[in-house]
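For the protein sequence lines, the chains are A and B, in the order given.
Going by our numbering, the first residue of the first sequence is number 1, and it counts up by one from there.
Going by our numbering, the first residue of the second sequence is number 1001, and it counts up by one from there.
Glycine residues also receive a C-beta, built at the ideal position from the N, C-alpha and C atoms.
Note that the coordinates shown come from a computational prediction; the quantities given were computed from them, not determined experimentally.
I have placed the structure first, in the form of structure tokens, so that the comments after it can refer back to it.
There are 2 protein chains.
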Amino acid sequence: MPALSRRERPAKPALTREGIVDAAVRLMESEGLQRVTMRRLAQELDTGAASLYVYVANAYELHAAILDRLLARVDLAPAPDWREGLHRVLRSYADLLFAHPSLARSALSLRPNGPNYLALVDTLLGLLAAGRVPAVQAAWGVDYLLQTATATAAEHAVDTKRDAEAEWQQLSDTLASASADDYPHLHQRAADLVSGTPSERSYWAVDMLINGIIATPTPH
Amino acid sequence: MPALSRRERPAKPALTREGIVDAAVRLMESEGLQRVTMRRLAQELDTGAASLYVYVANAYELHAAILDRLLARVDLAPAPDWREGLHRVLRSYADLLFAHPSLARSALSLRPNGPNYLALVDTLLGLLAAGRVPAVQAAWGVDYLLQTATATAAEHAVDTKRDAEAEWQQLSDTLASASADDYPHLHQRAADLVSGTPSERSYWAVDMLINGIIATPTPH
DNA sequence: TGTTCGTTACGAACATGTTCGTTATGGTCG
DNA sequence: CGACCATAACGAACATGTTCGTAACGAACA
């Protein structure tokens, strides 16, 4: 007595990588990323968790796939000034990741390579070209521009509950109490290490990277 | 009939954060990081997994603590040239993380703040000071020097099994097949995006960051 | 039409991280 | 000396990621 296959029902089409990611994004928007577990997602698709592994290697890859969908929302609109354009695009990208830091974590390991990610890279390359940055430097540099933004978002991937405030305060204390004998430079510049707002630092970081990319020729 | 408490035995001292991390490092060196699970570690200490949570917030924090111990091995020896010194220290740091990429992952989120990490930061600050880099720029820059090294290591945190070779080849293919219409810049510079050896790119990245830090004044 | 075979789906099982309520321990107070 | 109590330790339970062996399916083929 074979049970009626669930795949038969027309309303629930056969499993597809596309369909799985669709459902994952939908689930994320309705219940939050933390609810997007293999089991919950499978339930949504009226199947078992194991079935998903045919189309998705693991949970990280699923997250990366979700991220690529979200990347469609990055603002790639042209800007009058190329440098300002880089700031805008990267801030838009960072804002997206900050909203879902655990996606950033996955993105670090399994770099996405979907169409939206390619479009993002392409736009960055275009902006650097507009700034007359030599080709190879620009190509290498794009990696680090994105990596820095991604890593900064990933840093906030734990405990949205526990204030970043508290953690930051603790770092500040650790630095302030650093012995001048053991850590002379640290002691002297403790204040500088924690100065500035996150947004000031991010903006500076992008400028810093651009300047570095321009100033540093690649070998051969 | 109260069972004899395991804490009584003199050979196994009462639980301590120090002792837990010690055991974790020992376990890592004998059986590999992947074997350092809460249960296995508890077994090593002749207790239950739940007991560890009194001293360690979660598995990530444990990893971060292990990393700080390992950080003692980073080569902080003074170098004749400050710039070369930065290269050496950061390569030493990166080598360490490459040996245990999952530690790098943890380090990204829960930045370590143990003595060895502080010594590392202090050394970097000293080298930048030797290069006459303005104080605040140096302070902000150190964060990104370390973040880049950490993130680069973290990127390799999945599947040491599956060749990075294969993944890289796939990326290369994706880029090569990128439509010239949809992704003009990407198409044009596909070769540059994957050129260079990892070590060439890392070296370039450090130079690039140093140049950027020097060239970019902080606000106020 | 009946059989074979590769693929897809899936239930059950295992290892892990984490939490909860309970128990034991050792010191303190009456 | 005996009752009490804060804290450490723990066993059991739960949710999750992942794997394995098996069953259903459908297409190619005899």
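Exercise. Is there contact here, the stretch 147–157 of chain A with the stretch 1144–1159 of chain B, by at least three beta-carbon pairs under 8 Å?
Worked result: yes
Exercise. Along the chain, where does the alpha helix (DSSP H) that runs through Q1147/B open and close?
Worked result: Translated into positions along the second sequence, residue 1147/B becomes position 147. Counting along the chain, the alpha helix (DSSP H) containing Q1147/B begins and ends at 1135–1154.
Exercise. Does the separation of the CB atoms of L1124/B and L1145/B fall below 8 Å?
Worked result: As a working mapping, residue 1124/B is identified with position 124 in the second sequence. As a working mapping, residue 1145/B is identified with position 145 in the second sequence. Closer than 8 Å, so yes.
Exercise. Which residue's Cα is closest to the Cα of L1120/B: A59/A, D182/A, D81/A, R91/A?
Worked result: Taking the first residue of the second sequence as position 1, residue 1120/B is located at position 120. The residue with the shortest Cα to Cα distance from L1120/B is D182/A.
Problem set entry | Contacts around A1059/B, its chain only, beta-carbon distance under 7 Å, and the 5 residues preceding and following it disregarded | Here residue 1059/B corresponds to residue number 59 of the second sequence, with the count starting at 1. Once the five neighbours on either side are set aside, the close Cβ partners of A1059/B are M1038.
For this session: Classify A23/A as helix, strand or coil using the three-state DSSP reduction.
Result: Here residue 23/A refers to the residue found at position 23 of the first sequence. In the structure shown, A23/A sits in a helix (DSSP, three-state: H, G or I).
Exercise. Between G1196/B and N211/A, what straight-line distance do the alpha-carbon atoms span, to the nearest angstrom?
Worked result: Within the second sequence, numbered from 1, the residue matching residue 1196/B stands at position 196. Within the first sequence, numbered from 1, the residue matching residue 211/A stands at position 211. About 21 Å.
For this session: For L128/A, I'd like the list of residues in its chain whose CB is within less than 6 Å of its CB, leaving aside the five on either flank, ordered along the chain.
Result: Residue numbering aside, residue 128/A sits at position 128 when the first sequence is read from its first letter. A138.
Exercise. Does the beta carbon of A139/A come closer than 8 Å to any beta carbon on chain B?
Worked result: Counted from its first residue, the first sequence places residue 139/A at position 139. Output row for A139/A: interface = yes.
Exercise. Ordered along the chain, which non-local residues of its own chain (more than five positions away) have a Cβ less than 7 Å from that of E221/A?
Worked result: Residue numbering for chain A in the displayed model covers 1 to 220; residue 221/A lies beyond these limits and cannot be assessed.
Exercise. Nearest-angstrom Cα distance between D1173/B and A1191/B?
Worked result: Position 173 of the second sequence, counting from 1, holds the residue named residue 1173/B. Position 191 of the second sequence, counting from 1, holds the residue named residue 1191/B. The straight-line gap from Cα to Cα measures roughly 10 Å.
Exercise. V1089/B touches chain A at which residues, Cβ-Cβ below 7 Å?
Worked result: Here residue 1089/B is taken as the residue at index 89 of the second sequence, counted from 1. Result: empty, since nearest Cβ-Cβ is about 13 Å, beyond 7 Å.
Exercise. For D68/A, does the count of other Cβ atoms within 10 angstroms reach 16, so buried, or fall short, so exposed?
Worked result: In the first sequence, counting from the first residue as 1, residue 68/A sits at position 68. Under this definition D68/A is a buried residue.
Problem set entry | Contact set between A1135/B and chain A, taken where Cβ atoms lie within less than 7 Å | Here residue 1135/B corresponds to residue number 135 of the second sequence, with the count starting at 1. Within 7 Å Cβ-Cβ: R189, D192.
For this session: Please confirm whether R1040/B and L1027/B have their CB atoms less than 8 Å apart.
Result: For the purposes of this step, residue 1040/B is identified with residue 40 of the second sequence, where counting begins at 1. For the purposes of this step, residue 1027/B is identified with residue 27 of the second sequence, where counting begins at 1. Cβ distance < 8 Å, so R1040/B and L1027/B count as in contact.
Exercise. Would you report the Cα separation of A223/A and R1189/B, rounded to the nearest angstrom?
Worked result: Any question about residue 223/A goes unanswered here, given that chain A covers just 1 to 220.
For this session: Could you please tell me which residues of the stretch 1193–1215 of chain B, in chain order, have their CB closer than 9 Å to any CB of chain A?
Result: L1193, V1194, S1195, G1196, E1200, R1201, Y1203, W1204, A1205, D1207, M1208, L1209, I1210, N1211, G1212, I1213, I1214, A1215
Exercise. Within this structure, are the beta carbons of L33/A and L103/A separated by less than 8 Å?
Worked result: What you label residue 33/A is simply residue 33 of the first sequence in a count that begins at 1. What you label residue 103/A is simply residue 103 of the first sequence in a count that begins at 1. Cβ atoms of L33/A and L103/A: closer than 8 Å.
Exercise. For V142/A, is the classification buried or exposed, using 16 other Cβ atoms within 10 angstroms of its Cβ as the cut-off for buried?
Worked result: Numbered from 1 along the first sequence, position 142 holds the residue referred to as residue 142/A. Looking at its Cβ environment, which holds 16 or more other Cβ atoms inside 10 Å, V142/A is buried.
Exercise. Under 8 Å between the Cβ atoms of L186/A and D1122/B?
Worked result: In the first sequence, the residue the question calls residue 186/A occupies position 186. In the second sequence, the residue the question calls residue 1122/B occupies position 122. Yes, the Cβ-Cβ distance between L186/A and D1122/B is below 8 Å.
Exercise. Checking contacts by CB at 8 Å: is P80/A closer than that to chain B?
Worked result: Here the question's residue 80/A lines up with position 80 in the first sequence. No, its Cβ sits nowhere closer than 8 Å to a Cβ of chain B.
Exercise. For the alpha helix (DSSP H) that A1077/B lies in, which residues bound it at each end?
Worked result: Here residue 1077/B refers to the residue found at position 77 when the second sequence is read from its first residue. That residue, A1077/B, is in no alpha helix (DSSP H); it is neither H nor E in DSSP.
For this session: Compare the Cα-Cα distances from A1072/B to each of A1178/B, V1133/B, P1112/B, R1035/B and report the closest residue.
Result: The residue you call residue 1072/B lines up with position 72 of the second sequence. Selected option, being the one with the closest Cα: P1112/B.
Problem set entry | Whole-angstrom C-beta distance between A65/A and R21/A, which should lie under 8 Å | Taking the first sequence and counting its residues from 1, one reaches residue 21/A at position 21. Taking the first sequence and counting its residues from 1, one reaches residue 65/A at position 65. For the sequence presented, residue 21/A should be read as Val rather than Arg. Right, the Cβ-Cβ distance comes to about 5 Å (below 8 Å), so this counts as a contact.
Problem set entry | CA-to-CA distance, W1168/B to V1194/B, given in whole angstroms | In the second sequence, residue 1194/B corresponds to position 194, counting from 1. In the second sequence, residue 1168/B corresponds to position 168, counting from 1. Each residue's alpha carbon lies about 8 Å from the other.
For this session: Assign N113/A to one of three DSSP states: helix, strand, or coil.
Result: Locating residue 113/A in the first sequence gives position 113, where the first residue counts as 1. It is coil, neither helix nor strand.
Exercise. Assuming A130/A contacts W204/A under a Cβ cut-off of 8 Å, what Cβ separation, rounded to an integer in Å, is found between them?
Worked result: The residue you call residue 130/A lines up with position 130 of the first sequence. The residue you call residue 204/A lines up with position 204 of the first sequence. The Cβ separation is near 22 Å, so there is no contact.
Exercise. Does the Cβ-Cβ distance between V1089/B and I1214/B come in under 8 Å?
Worked result: One-based indexing of the second sequence puts residue 1089/B at position 89. One-based indexing of the second sequence puts residue 1214/B at position 214. Result no, Cβ atoms of V1089/B and I1214/B do not sit closer than 8 Å.
Exercise. Quick one, which of P80/A, G48/A, H87/A has its alpha-carbon nearest M208/A's?
Worked result: Against the first sequence, residue 208/A aligns to sequence position 208. The residue with the shortest Cα to Cα distance from M208/A is H87/A.
For this session: Could you please give the first and the last residue of the uninterrupted alpha helix (DSSP H) stretch that includes N58/A?
Result: Translated into the one-based positions of the first sequence, residue 58/A becomes position 58. Premise fails: N58/A is in no alpha helix (DSSP H) and is neither H nor E.
Problem set entry | Where P112/A meets chain B, residues with beta-carbon distance less than 8 Å | For the purposes of this step, residue 112/A is identified with residue 112 of the first sequence, where counting begins at 1. Near P112/A there are no residues of chain B at all, since even the closest Cβ is about 11 Å away, more than 8 Å.
Problem set entry | Where the alpha helix (DSSP H) containing D1192/B begins and where it ends | Counted from its first residue, the second sequence places residue 1192/B at position 192. That run of the alpha helix (DSSP H) goes 1190–1193.
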